[in-house]
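Student:
Residue numbers (the working numbering): 1032 to 1157.
1) Does residue 1100 pass the burial test, meaning 16 or more other C-beta atoms within 10 Å, or should it be called exposed?
2) Residue 1134 lies in the alpha helix (DSSP H); which residues open and close that run?
3) Name the DSSP beta bridge partners of residue 1124, please?
4) If you compare alpha carbons, which of 1096, 1075, 1106 is closest to residue 1134?
5) Answer with yes or no whether the minimum CB distance from residue 1036 to chain D is below 8 Å.
6) Would you give the residue range spanned by the alpha helix (DSSP H) that residue 1086 belongs to?
7) Whole angstroms are fine: how far does the CA of residue 1137 sit from the CA of residue 1119?
8) Sorry if obvious, but does the Cβ on residue 1080 come closer than 7 Å to a heavy atom of the ligand GDP?
9) Taking all protein chains shown into account, decide if residue 1085 is buried (16 or more other Cβ within 10 angstroms of its Cβ) or exposed.
10) In terms of residue numbering, what span does the alpha helix (DSSP H) encompassing residue 1093 cover?
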């Protein structure tokens, strides 16, 4: 029963966002991504370091993964691994810039169901 209630709450949230987007399209990008993951997978995908990467890319674009790693004072290999994981889920694109690749947030409205009441669900706008 608890699972059904959670599913129903998520559907209410989803349809509420669609209705709002239709009423106020200027507030929403052209693409909507809903990520419904198990708690274990959410914890694995959205680590504090990966959320830091997303925030850094929202704050200011970079020309390369190396530049991002330098800005965050992290090893290039670990930033590259985190970028690849975010890219696999369609959150980050890799634009070829000469010999390097520039990570860019994909312009989307991302909804990550966290198993909370609809009013407390997390949204990230890129």
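The beta carbon of each residue, even a glycine, is placed where N, CA and C say it ideally should be.
Tutor: Taking the definition as stated:
1) Numbered from 1 along the chain shown, position 69 holds the residue referred to as residue 1100. Buried: at least 16 other Cβ atoms inside 10 Å.
2) As a first step, residue 1134 must be located in the chain shown, where it is residue number 103. Taken as a continuous stretch (DSSP letters only), residue 1134 belongs to no alpha helix (DSSP H), being part of the beta strand (DSSP E) at 1131-1136.
3) Position 93 of the chain shown, counted from the first residue, corresponds to residue 1124. Beta-bridge pairing links residue 1124 to 1135.
4) The sequence position of residue 1134 within the chain shown is 103, counting from 1. Of the listed residues, the one whose Cα sits closest to residue 1134 is 1096.
5) Absence of chain D from the displayed structure is noted, only one protein chain being present.
6) Within the chain shown, numbered from 1, the residue matching residue 1086 stands at position 55. First-last of the alpha helix (DSSP H) with residue 1086: 1079-1090.
7) Taking the first residue of the chain shown as position 1, residue 1119 is located at position 88. Taking the first residue of the chain shown as position 1, residue 1137 is located at position 106. Approximately 12 Å between the Cα atoms of the pair.
8) Absent from the structure shown: the ligand GDP. Ligands present: none.
9) Taking the first residue of the chain shown as 1, we reach residue 1085 at position 54. Classification for residue 1085: buried.
10) In the chain shown, residue 1093 corresponds to position 62, counting from 1. Where residue 1093 is concerned, there is no enclosing alpha helix (DSSP H), given that its DSSP letter is neither H nor E.
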